[in-house]
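Colleague: One structure coming up, written as structure tokens, with questions to follow.
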Amino acid sequence: MSQKVRVRFAPSPTGPLHIGGVRTALFNYLFAKKHGGDFVLRIEDTDQNRYVEGAEDYIVEALNWCGIPFDEGPGKNEKFGPYRQSERKHLYKQYADQLVDKGHAYYAFDTPEALDGHRKDHEAKGKTFIYNWHNRLKLTNSLSLSAEEVQAKLDAGEPYVIRYKSPQDETLHLIDIVRGDVKIDTNILDDKVLFKSDGMPTYHLANIVDDHLMQITHVIRGEEWLPSLALHYLLYRSFEWEAPAFAHLPLILKPTGKGKLSKRDGAKFGFPVFPMEWNDEKEDQLYMGFKDEGYFPEAVINFLAFLGWNPGTEQEMFNLDQLISDFDLERINKAGARFDIKKADWFNQHYMQQQLDLDLAHEFKPILEQKLDVIQSDSVESDEISRSTRNDIDINYIALVIGLIKERATFVSDLWELSHFFFIAPTDYDEKASKKALKEGTADILNKVAELVNTIDDFTVENLQTNIKGWITANDIGFGKVMMPLRLALVGALQGPDVFDIIFMIGKAETIKRIEALKTIT
Numbered sequence: 000m001s002q003k004v005r006v007r008f009a010p011s012p013t014g015p016l017h018i019g020g021v022r023t024a025l026f027n028y029l030f031a032k033k034h035g036g037d038f039v040l041r042i043e044d045t046d047q048n049r050y051v052e053g054a055e056d057y058i059v060e061a062l063n064w065c066g067i068p069f070d071e072g073p074g075k076n077e078k079f080g081p082y083r084q085s086e087r088k089h090l091y092k093q094y095a096d097q098l099v100d101k102g103h104a105y106y107a108f109d110t111p112e113a114l115d116g117h118r119k120d121h122e123a124k125g126k127t128f129i130y131n132w133h134n135r136l137k138l139t140n141s142l143s144l145s146a147e148e149v150q151a152k153l154d155a156g157e158p159y160v161i162r163y164k165s166p167q168d169e170t171l172h173l174i175d176i177v178r179g180d181v182k183i184d185t186n187i188l189d190d191k192v193l194f195k196s197d198g199m200p201t202y203h204l205a206n207i208v209d210d211h212l213m214q215i216t217h218v219i220r221g222e223e224w225l226p227s228l229a230l231h232y233l234l235y236r237s238f239e240w241e242a243p244a245f246a247h248l249p250l251i252l253k254p255t256g257k258g259k260l261s262k263r264d265g266a267k268f269g270f271p272v273f274p275m276e277w278n279d280e281k282e283d284q285l286y287m288g289f290k291d292e293g294y295f296p297e298a299v300i301n302f303l304a305f306l307g308w309n310p311g312t313e314q315e316m317f318n319l320d321q322l323i324s325d326f327d328l329e330r331i332n333k334a335g336a337r338f339d340i341k342k343a344d345w346f347n348q349h350y351m352q353q354q355l356d357l358d359l360a361h362e363f364k365p366i367l368e369q370k371l372d373v374i375q376s377d378s379v380e381s382d383e384i385s386r387s388t389r390n391d392i393d394i395n396y397i398a399l400v401i402g403l404i405k406e407r408a409t410f411v412s413d414l415w416e417l418s419h420f421f422f423i424a425p426t427d428y429d430e431k432a433s434k435k436a437l438k439e440g441t442a443d444i445l446n447k448v449a450e451l452v453n454t455i456d457d458f459t460v461e462n463l464q465t466n467i468k469g470w471i472t473a474n475d476i477g478f479g480k481v482m483m484p485l486r487l488a489l490v491g492a493l494q495g496p497d498v499f500d501i502i503f504m505i506g507k508a509e510t511i512k513r514i515e516a517l518k519t520i521t
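The letter at position 31 of the sequence shown is residue 30 when you use numbering that gives the first Met the number 0, and the numbering goes up by one with no holes.
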């Protein structure tokens, strides 16, 4: 590629950034970075009626959280600015007029009432009304009126729109990187409005003008824009500008595989479809976000990359640098990609294992403290335990605990359930586990284990294991008769990491205290 690659992500600030939008931004980002290009953010806010306060900030924050920040856009490297279309509206009229002057567009004075009448008339005859080559000379526009009549209407200030004059009897051969050769019969195209009577451009005109002025080389966007490809191509041709390369990404489908994923699917099925949570005041609805649900941004990016793209290998785990290196637009699928939240969880569980224990400890500590606060407020007895435990909690101790349990966790929020017994003694015991572990003679066995623990001076995992297992073997006792009640005493259930790791972590005194507590119910 001789020309520097420039791509743009151009969302409308009409609400939160849907996960499909994040996927579009990601593919643009990956393509730009792979080719040493620029990733541009442009805010397409010409529809002020749908503008939502805070949406633009949300978009920027979401891209930053995902680790795919824009190189150029509002407030950043503004060499082709401004980057909000509402601040560029003075540009568009001159380009619409150029098309009129060249004969590629025309003034249309048809009133909404007149057009509605035509539509109803066609419907009554079982037809669909399309404003294009077959009827435009019968309607009220600068093609059917004389130059004097047109000028008189303009001078009188009559409302008008500017429509594109779609060509007749032509077959367009359009190249889409994902779809290949796309054939379009121009006779089926309608004469789209390019400039509205309120003095604002439509999306089609503003989009093309901005992409040209910002020197965009590749337009990577969602499949929903594929029907607009013919018009956009024709606009480039009419302006005599070089068109960018186009790539239309497949839809992200509902978990069932049927229909496009919507924001309401997340609310309905209880999973996030936005990068961060969004409080929709108009709908009085709080929508879940991947960030707030505890997903790592790296996991979200890896998950999204596989919604429509395939590396051509069996590899599934890709960090951002690997994605940049391997990404190829030609390996994007045409078919829609099914959204599977369980796959997102699978990615998150993998990235959980890659986090440093100390980093996870800092994330987990506020959750831990909150849990202990609740226990402290609920019980006088636990009050003393949790307060003394909290005061002794060292971040390095938390990190050591996490190292023992994190392989079973998918989210940081899972760590409490997996580790609470490292921080507070059990106050009750699983009923099913108790029936299985507590037998006649269990109290005597626990007494001996407590003695052994108490006599070990060099208190290490290895010495604990050697002494207790050695005593079990020497006395020909079944391991289950010892290890199950011991685990129950320490954890309150038959779960958790290695028993000797637990004993080492909570210490000699706490271990003996827990054994004594279980003996009272045997």
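Ideal placement from N, C-alpha and C gives every residue a C-beta, glycine not left out.
Taking the alpha helix (DSSP H) that Ile323 falls in, what are its first and last residues?
Modeller: Per DSSP, Ile323 belongs to the alpha helix (DSSP H) from Leu319 to Asp325.
Colleague: Starting from Asp96 and walking both ways along the alpha helix (DSSP H), at which residues does that stretch end?
Modeller: Looking at the DSSP string, the run of the alpha helix (DSSP H) that includes Asp96 is Lys88 to Lys101.
Colleague: Just to confirm my understanding: we take Ile207, look at its own chain, exclude 5 residues before and 5 after, and list those with CB closer than 7 Å. What are they?
Modeller: Excluding sequence neighbours, Ile207 sits near His231, Leu234 and Tyr235.
Colleague: In angstroms, rounded to a whole number, what distance separates the CA positions of Ala436 and Gly479?
Modeller: Near 8 Å, if we compare the C-alpha coordinates of Gly479 and Ala436.
Colleague: Measure the CB-CB distance between Phe8 and His217 and report whether it falls below 8 Å.
Modeller: Contact flag unset, no.
Colleague: Near Ser418, which residues of its chain fall below 7 Å by C-beta distance, leaving aside the five closest residues on each side in sequence?
Modeller: Closer than 7 Å at the Cβ level, and outside the excluded window around Ser418, lie Val400 and Ile404.
Colleague: Under three-state DSSP, which class holds Asn309?
Modeller: Coil, per DSSP.
Colleague: Quick one: Cα of Asp327 to Cα of Gly311, how far?
Modeller: Cα to Cα, Asp327 sits roughly 10 Å from Gly311.
Colleague: What does the Cβ neighbour count give for Thr441, buried or exposed, with the cut at 16 atoms within 10 Å?
Modeller: When all chains shown are included, Thr441 counts as buried.
Colleague: In chain order, what residues of the same chain lie with their CB nearer than 7 Å to the CB of Glu222, ignoring the 5 residues before and after it?
Modeller: Here the set comprises His247, Leu248, Pro249 and Leu250.
Colleague: What residue range is occupied by the uninterrupted beta strand (DSSP E) comprising Tyr235?
Modeller: That residue, Tyr235, is in no beta strand (DSSP E); its alpha helix (DSSP H) goes Leu228 to Phe238.
Colleague: Could you work out which residue in Gly491, Thr459, Gly402 and Glu450 is closest to Asp429 when comparing CA atoms only?
Modeller: Answer by Cα proximity: Gly491.
Colleague: Checking 8 Å against the spacing of the C-beta atoms, do Met275 and Asp264 come in under that value?
Modeller: No, the pair does not count as a contact, with Cβ atoms beyond the cut-off.
Colleague: Under a Cβ-count criterion, where at least 16 other Cβ atoms within 10 Å of its own Cβ denotes burial, should Pro226 be classed as buried or exposed?
Modeller: So Pro226 counts as exposed.
Colleague: Please identify the residue among Pro68, Glu362 and Gln84 whose C-alpha is closest to the C-alpha of Pro12.
Modeller: Closest by alpha carbon: Gln84.
Colleague: Could you give the distance in angstroms between the alpha-carbon of Ala113 and the alpha-carbon of Asn140?
Modeller: Spanning the two alpha carbons is a distance of roughly 12 Å.
Colleague: Assuming Ala205 and Thr45 make a contact with CB atoms under 8 Å, what is their CB distance in whole Å?
Modeller: Yes, Ala205 and Thr45 are in contact; Cβ-Cβ is about 6 Å, under 8 Å.
Colleague: How long is the line joining the alpha carbons of Tyr163 and Leu319, rounded to whole angstroms?
Modeller: Roughly 42 Å between the two C-alpha positions.
Colleague: Grouping DSSP H, G and I as helix and E and B as strand, with all else coil, what is Ser381?
Modeller: With a pLDDT of 46 at Ser381, under the threshold of 50, the modelled position of that residue is not reliable, and no figure is offered here.
Colleague: Which residue comes first and which comes last in the alpha helix (DSSP H) that contains Arg407?
Modeller: Premise fails: Arg407 is in no alpha helix (DSSP H) and is neither H nor E.
Colleague: Tell me which residue opens and which closes the alpha helix (DSSP H) that His133 is part of.
Modeller: From DSSP, His133 is part of no alpha helix (DSSP H); its letter is neither H nor E.
Colleague: Could you tell me whether the Cβ atoms of Asp344 and Thr409 are closer together than 8 Å?
Modeller: Contact: yes.
Colleague: Only counting runs of 4 or more residues, tell me where the alpha helix (DSSP H) segments fall wholly within the segment 439–504, in order along the chain.
Modeller: For the segment 439–504, whole alpha helix (DSSP H) runs of length 4 or above, ordered along the chain, are 441–454, 460–473 and 478–490.
Colleague: Nearest to Tyr202 by alpha carbon, out of Asn466, Ser237, Asn278 and Arg87?
Modeller: Selected option, being the one with the closest Cα: Arg87.
Colleague: Keeping to the same chain, check which residues put their C-beta closer than 8 Å to that of Asp325; ignore five residues upstream and five downstream.
Modeller: Excluding sequence neighbours, Asp325 sits near Pro310 and Phe317.
Colleague: Taking the alpha helix (DSSP H) that Thr23 belongs to, which residues open and close that run?
Modeller: Counting along the chain, the alpha helix (DSSP H) containing Thr23 begins and ends at Ile18 to Lys33.
Colleague: Pull the bridge partners of Tyr286 from the DSSP assignment, please.
Modeller: Answer by DSSP bridge pairing, in chain order: Trp277.
Colleague: From Trp308 to Arg330, what distance separates their C-alpha atoms?
Modeller: For Trp308 and Arg330, the distance between alpha carbons rounds to 6 Å.
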